[in-house]
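Convert by adding 7 to the 1-based position in the sequence shown; the result is the number in the working numbering.
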Amino acid sequence: MTGLWFRQALLPEGWTASVRVAISGGRLATVEPGAPPRAGDQRHAIGLPGLPNLHSHAFQRAMAGRAERRVAGADDFWLWRERMYQLAQAVQPEDLRAIAALAYAEMLQAGFVRVGEFHYLHNAPDGRPYADPGEMAISLAAAAADSGIALTLLPVFYAHSGFGAAAPTDGQARFVNSLDGYGRLLEGSGRAISGLEGAVLGVAPHSLRAVTPEHLAELTRLLPAAPVHIHVAEQTREVEDCFAWSGRRPVDWLLAHAQIDRRWCLVHATHMDAAETLALAASGAIAGLCPITEANLGDGIFPAEPFLAAGGQIGVGSDANVRIDATEELRLLEYGQRLTQRRRNVLAESADEPTADRLYRAALAGGGQALGCDPPALRPGAPASFISLDAEHPALADAPPDEYLSRWIFAAGRAAVDGVWVGGRQLVAEGRHLRWTQIVSDYRAAIGRLRADSA
Ligand code: ZN
């Protein structure tokens, strides 16, 4: 049994002094407040649950910072997508493993302990399924094992390029499936993750552009209790196209035609009117927000204040992985609201609780629900997945415990993440992933292969 001791730890009841935890079989066997450290215990200053990252396309890490030069007259999401498709076309299974391992190691270093991988790169570059339809899922499972992050794999169903069952484009050949093919893919994906402790399998209709209403109904029946994730209302053009097709806005259409409930995570849901905002909040579904990506791609700003005020639940995701930082997602979520409303602490629930605590608490609960597991918590019986913060970071100097989250999220950022444990295994020490050198070396080799292919 491994023991750790924290000077302060965030337990379900709040910040607590002198907490000793014992780990057995990947879980917290005991959590003792007010206990002294024992001989052999690792000692850390500040311990707290790590955050779930509910939405990632790991391979896109390989284009981070490489699309920041304007193309054509007015660069937008759709032009970015063309460049992303070029990368998607080139990535081989071994490349995916290396790129995803880097993204996952960075997620761990940034305070995430579980990732929801919204995975749509299924077929060989010629559009045919691999001999094992789960080939690319095997690469993602290997990357999760290489890095140690907990995985919720969300194989994506993709059939069309636009509303009204428009034929897919050449650039989408690696994503496309029939329902039968998707059934085989789901089986292959289940096999791929079967050796990973705590892994969860869900289903992911890509978007209302890419699936028909009939597909949607079928997909939600395939794994009856599993998470269902879908991209929705990210771009205003998508809202206009959906309205032209159906006479409804995307979130409104989904709420009217699918049984949206706690199983669901609506990724982005950026463009909602007031009625959609209230209805989604009441549905029990999670709004999966990706503020860094939404800023990078020029998507828009989620109506977070009315959504949270109506009892809506949110989580955060790193999506395109242009930057990977749990605190930055939360900070940018709040800053988007401040910039548009010209007020401060917009998403605070009350004067009693710091804004950072509210955001962190929401992302912990919403992320856990969206990824099909209990929210990370320091309580007996829970998976031993948590992080420690470096109390020596200047932004944390003289911080009282009730300011730790404010100092971390608004001032220090990912640099203050010191140690990370998932399922009882320490993966990050002194801010660095324990396999960092190997993972970066493998990543560089993959980037070299991709550049050679495109030359
Ligand atoms: Zn996405």
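Glycine residues also receive a C-beta, built at the ideal position from the N, C-alpha and C atoms.
Residue i versus residue j: straight-line alpha-carbon distance, rounded
{"i": "A286", "j": "L262", "result": "8 angstroms"}
{"i": "A36", "j": "V28", "result": "7 angstroms"}
{"i": "E241", "j": "P40", "result": "44 angstroms"}
{"i": "A224", "j": "A402", "result": "50 angstroms"}
{"i": "E399", "j": "A423", "result": "9 angstroms"}
{"i": "A453", "j": "S395", "result": "31 angstroms"}
{"i": "A199", "j": "I446", "result": "21 angstroms"}
{"i": "L273", "j": "D280", "result": "15 angstroms"}
{"i": "D405", "j": "S25", "result": "17 angstroms"}
{"i": "L128", "j": "V183", "result": "9 angstroms"}
{"i": "P44", "j": "G374", "result": "32 angstroms"}
{"i": "P382", "j": "G205", "result": "13 angstroms"}
{"i": "T176", "j": "W12", "result": "55 angstroms"}
{"i": "W443", "j": "L371", "result": "26 angstroms"}
{"i": "A418", "j": "P361", "result": "14 angstroms"}
{"i": "S413", "j": "D397", "result": "14 angstroms"}
{"i": "D460", "j": "R121", "result": "32 angstroms"}
{"i": "P132", "j": "P390", "result": "38 angstroms"}
{"i": "T300", "j": "D326", "result": "6 angstroms"}
{"i": "H64", "j": "G307", "result": "20 angstroms"}
{"i": "E245", "j": "Q67", "result": "21 angstroms"}
Pair within 9 angstroms by beta-carbon distance, residue i and residue j
{"i": "G343", "j": "A317", "result": "no"}
{"i": "V210", "j": "L186", "result": "no"}
{"i": "R88", "j": "P140", "result": "no"}
{"i": "Y411", "j": "A108", "result": "no"}
{"i": "G123", "j": "L61", "result": "yes"}
{"i": "G319", "j": "A282", "result": "no"}
{"i": "I416", "j": "A117", "result": "no"}
{"i": "E335", "j": "R439", "result": "no"}
{"i": "V329", "j": "A71", "result": "yes"}
DSSP state of residue i mapped onto helix, strand, coil
{"i": "P408", "result": "helix"}
{"i": "E335", "result": "helix"}
{"i": "H236", "result": "strand"}
{"i": "N352", "result": "coil"}
{"i": "P162", "result": "strand"}
{"i": "Q266", "result": "coil"}
{"i": "P43", "result": "coil"}
{"i": "I200", "result": "coil"}
{"i": "F417", "result": "helix"}
{"i": "E194", "result": "helix"}
{"i": "E124", "result": "strand"}
{"i": "L215", "result": "coil"}
{"i": "R330", "result": "coil"}
{"i": "S63", "result": "strand"}
Opening and closing residue of the alpha helix (DSSP H) in which residue i lies
{"i": "C249", "result": "243-253"}
{"i": "H222", "result": "220-229"}
{"i": "N303", "result": "298-303"}
{"i": "R90", "result": "84-97"}
{"i": "D102", "result": "100-116"}
Host beta strand (DSSP E) of residue i (start-end)
{"i": "I145", "result": "No beta strand (DSSP E) contains I145, which is instead part of the alpha helix (DSSP H) from 142-154."}
{"i": "A24", "result": "21-31"}
{"i": "G54", "result": "49-56"}
{"i": "S395", "result": "393-396"}
{"i": "L2", "result": "Because residue 2 is not part of the residues shown, which for the chain are 8 to 462, the question remains open."}
{"i": "I321", "result": "320-323"}
{"i": "A288", "result": "No beta strand (DSSP E) contains A288, which is instead part of the alpha helix (DSSP H) from 281-290."}
{"i": "L273", "result": "271-275"}
**OP:** Report all residues for which the CB-ligand distance to some heavy atom of the ligand SAM is below 6 angstroms; order them along the chain.
**Re:** Judged by which ligands are present, the ligand SAM is missing from the structure shown, whose ligands are the ligand ZN.
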